[in-house]
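Asker: Below is a structure I'd like to ask you about.
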Amino acid sequence: MKNHIVVGASGFLGRRVLQALLQSDSDAVVHVLVSPRERAELASSTAKWPEAERILALTGDLTATDFGMDIDLPKVRNIVHIGPAHRAGRGNTHAHAADTAAVIALAQRCGAMLHHVSSVAVAGDHRGSFDETDLDLGQSFPTRTHRAFFAAEQQIRTSPGLAWRIYRPGIVIGDSETGEIDKIDGPYSFFTALSRLAQLPSPMPIALPNIGSTNIVPVDYVARAVAALVSADGRSKQTFHLVNPKPQPLHEVYAAFATAAGAPSAVVPVPGVRAPLARMGAVPGLRAIRDFTMARFGIPSAAIDRVLVDARLGSTFTRSALRFDRSITVPELSTYAGKIWRYWADDLDPARLRRVSGPDGFRGRVVLMTGASSGIGLASSHALARRGATVLMVARGAEDLDAAVAAIRADGGDSHGYVCDITDPEAVAMLVKTVLNDHGRVDYLVNNAGRSIRRSVISSTERMHDFERTMAVNYFGAVRLVLALLPSMRERGFGHVVNISSIGVQTKAPLFSAYVASKSALDAFATIAAAENLDAGITFTSIRMPLVRTPMIAPTAAYSSLPVDSPESAAERVVRALVDRPDRIDTPVGTVADYVGLLAPDLKRFVLHQVYKAFPESSAAKGGGGKAPEVQAQPRTETKSMTQTLLAPLMALPTPGVGFTRRVPGLYW
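Numbering (full-length UniProt numbering), first residue to last: 1 to 669.
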């Protein structure tokens, strides 16, 4: 029977080594040095282990006198040390050095052999052969973590009278059987970017920079290998490389995980990229650009340095020592990459809480919808409720709102009505306070409430209130809600705002100066707010909505000859905005108007003037007396004018067309 002390069992690798030690010797007793805080965590994490009764906690502190223990140290043959960099995933050199010095003293006090779990990071940027007998070959260290591992080995090797063995695992990832891992580090840093590539057609080849190789091993292999080598008789002052016998080019690693993710796996290596990347990292301004670009894909700036292993790692001693147990071998990455990916996607992906695809994808999500009692707001509320969302419906009129809420509930949806005038600051403050108290959070805000005025500028010279009223609803009301909800969204690290803008922002349609100006202001606000809150997980979408048959446009008879979307079609755009969270959703007409304004502004101005002359304002808009006729919104008829026939395909593309155009830069259809 061999008894052990394990230092660093609180981390993921440490727990696995602890369990492997217990499983490798049914008589072994393992003492685990833990802080008072870690003691409860250890008991909780090992409670269901069959071997739990052979775990004895030693509550203490490595850096304190007598290691913070008021009892005699147990008699053990081995002390297994998993250093701070493995436990915390960071290379605090000072903490690592202090931890290592203390565990050396503990081993000397107990008269035990120190088994130190290091890393192949000690090889730094060395290129060429790096064997188990090597340490200082003049290499440099790209990160503090690399240097911390190197310095710890030097401490151990130069300690007089100390018996030691050192174990250098490669880049440790999750369990090859279950995929389990506890944190995002190393190769996992690239998984967010890989998940985005999964949106591309899988046969598409990917150009991948040829920046080197790595050496990846699963945690279960490392734990079993360490346990077997710790338990084996042998000499002191031996080092073992727990690595993949063959280097793994990064493009092969990419292909394995891309296949698991459903992303394009065919790779076209691009040579000559690594040196320019290194030079960019050495120039402060260029480094910031490089790091920002990587961050946009969810990749930490130091991720590449942490996964690259340039050295050819020899493992002769390890293979010889483990030759009698053929079950302890490194599996091929391709055989377990799928399990690694699935565990990350289900349990670690930062975006997993934002996934809302599927017929029930909004289950448990809270959506606040303004202007919810009619038109786009009502149709969108129904669509979201059918997908499982809790819809908080906001409108001014209590009677219509109550009817809308009742209709959704009658269909089995979860809806709640809140009467509020969003132009009233006190009412908005009370609304937000109430909904947060009732529901705890708002995941999505849809600023749909709007006011439209169709009147020329010359007819508005005595009507400044038209502009003020329009801005009060379309801009200030929407902004007021965003500002009120933003703190709670930032606290949770997630929130998405959809602003129902207008195609008029792009076309600059005559007679709508007040309306278009208010929507343009909201778009500009959202663009800036999105940039400022990028790292807080708050995103914004502007839907430049085409004409939709709602009560707001009913009084304008001129629209009868134009293609007009149904509220249900508009609701599909709203749902897409909440699912995909793009910066904006446009229409072909809007995009054409943008580019014509950019490339031929005089032509655009001439065309808009002709539109102004062709669709004159009403006598009521000119101030000629009388009220605009009350016109109820009518369902679209089957008879279409020539204008409708020509323009309809440009107002909204069918789904396959949208899927294609999303991959074209500059198109947001």
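Using N, Cα and C, we set each Cβ at its ideal position, and we do this for glycine too.
Can you check whether the CB of T507 is closer than 8 Å to the CB of G590?
Answerer: Contact: yes.
Asker: Considering only their Cβ atoms, is the gap separating R16 from A223 smaller than 8 Å?
Answerer: Yes, they are a contact pair.
Asker: Excluding the 5 residues flanking T214 on each side, which residues of the same chain have their C-beta closer than 7 Å to its C-beta?
Answerer: Cβ neighbours of T214 beyond the five flanking positions: I171, Q248, L250, V253, V307, L308, V309.
Asker: Leaving out five residues before and five after S334 in sequence, what residues of the same chain have Cβ atoms less than 7 Å from its Cβ?
Answerer: Excluding residues within five positions, the ones whose Cβ falls inside 7 Å are A256.
Asker: Grab me the residues of M113's own chain with a C-beta within less than 6 Å of its C-beta, minus the 5 sequence neighbours each way, in chain order.
Answerer: Only N78, A163 meet the Cβ criterion.
Asker: Leaving out the 5 sequence neighbours to the left and right, which residues in its chain are closer than 8 Å to G361 when beta-carbon positions are compared?
Answerer: Once the five neighbours on either side are set aside, the close Cβ partners of G361 are R355, R387, G388, V579.
Asker: Below 7 Å CB to CB, which residues in the same chain sit around S159 once its five sequence neighbours on both sides are set aside?
Answerer: Closer than 7 Å at the Cβ level, and outside the excluded window around S159, lie I104.
Asker: First and last residue of the beta strand (DSSP E) that includes G417?
Answerer: Note, G417: beta strand (DSSP E), 414 to 419.
Asker: How should E153 be labelled, buried or exposed, when 16 other C-beta atoms within 10 angstroms of its C-beta is the threshold for buried?
Answerer: Label assigned to E153: buried.
Asker: Less than 8 Å between the beta carbons of C420 and L436, yes or no?
Answerer: Going by C-beta atoms, C420 is not nearer than 8 Å to L436.
Asker: Is the distance from the Cβ of V330 to the Cβ of V217 below 8 Å?
Answerer: It is a contact, given that the beta carbons lie within the stated cut-off.
Asker: Could you pull out every unbroken alpha helix (DSSP H) segment of at least 4 residues lying fully inside the stretch 348 to 435, listed in chain order?
Answerer: Fully enclosed alpha helix (DSSP H) runs of 4 or longer: 375 to 386, 398 to 410.
Asker: Considering just the uninterrupted stretch of the beta strand (DSSP E) at V446, what are its terminal residues?
Answerer: That run of the beta strand (DSSP E) goes 444 to 447.
Asker: Can you give the Cα-Cα distance for P629 and R342, rounded to whole angstroms?
Answerer: Interpretation of P629 is limited by its pLDDT of 43, a score under 50 that renders its predicted location unreliable; no figure is taken from the coordinates.
Asker: Name the two residues that bound the continuous alpha helix (DSSP H) containing M69.
Answerer: Note, M69: premise wrong, no alpha helix (DSSP H); not H, not E.
Asker: Please report how far the alpha carbon of S460 lies from the alpha carbon of S518, in whole angstroms.
Answerer: If you take the alpha carbons of S460 and S518, they lie about 15 Å apart.
Asker: Taking the straight line between their C-alpha atoms, what separation do you get for A198 and S26?
Answerer: In a straight line, the C-alpha of A198 is about 46 Å away from that of S26.
Asker: For V7, count neighbouring Cβ atoms within 10 angstroms of its own Cβ and tell me buried if that reaches 16, exposed if not.
Answerer: It is buried - the Cβ of V7 has at least 16 other Cβ atoms within 10 Å.
Asker: Tell me the residue span of the alpha helix (DSSP H) that contains T259.
Answerer: Segment 250 to 261, the alpha helix (DSSP H) holding T259.
Asker: When the Cα atoms are used, what is the spatial distance from D305 to V243?
Answerer: Approximately 18 Å, taken between the alpha carbons.
Asker: Identify every residue that forms a DSSP beta bridge with M113.
Answerer: In DSSP, M113 forms a bridge with N78.
Asker: For the beta strand (DSSP E) containing G590, list its first residue and its last residue.
Answerer: That residue, G590, is in no beta strand (DSSP E); its alpha helix (DSSP H) goes 588 to 599.
Asker: Is it buried or exposed for A311, if we count other Cβ within 10 angstroms and need 16 for buried?
Answerer: Buried: at least 16 other Cβ atoms inside 10 Å.
Asker: Helix, strand or coil: which one does DSSP assign to G440?
Answerer: Residue state, collapsed to three classes: coil.
Asker: Report the rounded CA-to-CA distance for R144 versus A303, giving the unit in angstroms.
Answerer: In a straight line, the C-alpha of R144 is about 13 Å away from that of A303.
Asker: Taking the continuous beta strand (DSSP E) assigned at R168, which residues delimit it?
Answerer: 164 to 169 is the extent of the beta strand (DSSP E) around R168.
Asker: Going by the DSSP bridge assignment, what does G495 pair with across the sheet?
Answerer: The partner list for G495 (beta bridge, DSSP) reads I538.
Asker: Which residues share a DSSP beta bridge with I173?
Answerer: I173 pairs with P218.
Asker: What three-state label does DSSP hand G338 in the structure shown?
Answerer: If DSSP states are grouped into helix, strand and coil, G338 belongs with the helices.
Asker: Let me confirm a value: G324 is counted as buried when at least 16 other C-beta atoms fall within 10 Å, else exposed. Which label applies?
Answerer: Reading off the sequence, residue 324 comes out as Phe, not Gly. Exposed, because fewer than 16 other Cβ atoms sit within 10 Å of the Cβ of F324.
Asker: Closer than 6 Å by C-beta to S140: which residues in its own chain qualify, once you throw out the five before and the five after it? Chain order, please.
Answerer: Closer than 6 Å at the Cβ level, and outside the excluded window around S140, lie G124, D125.
Asker: Should the stretch 442 to 449 be regarded as contacting the stretch 490 to 503, the criterion being three or more beta carbon pairs within less than 8 Å?
Answerer: Judged by Cβ distances under 8 Å, the stretch 442 to 449 makes contact with the stretch 490 to 503, as three or more pairs qualify.
Asker: With distance defined between alpha-carbon atoms, name the residue in T178, A101, R490 nearest to I156.
Answerer: Of T178, A101, R490, the residue nearest in Cα terms is A101.
Asker: Does DSSP put S513 in a helix, in a strand, or in coil?
Answerer: Correct three-state label for S513: helix.
Asker: Compare the C-alpha of G161 against each of R37, F190, L106, L378 and name the closest.
Answerer: Of R37, F190, L106, L378, the residue nearest in Cα terms is L106.
Asker: Are three or more beta carbon pairs between the stretch 229 to 240 and the stretch 172 to 184 nearer than 8 Å?
Answerer: No: the two stretches stay apart, fewer than three of their Cβ pairs being nearer than 8 Å.
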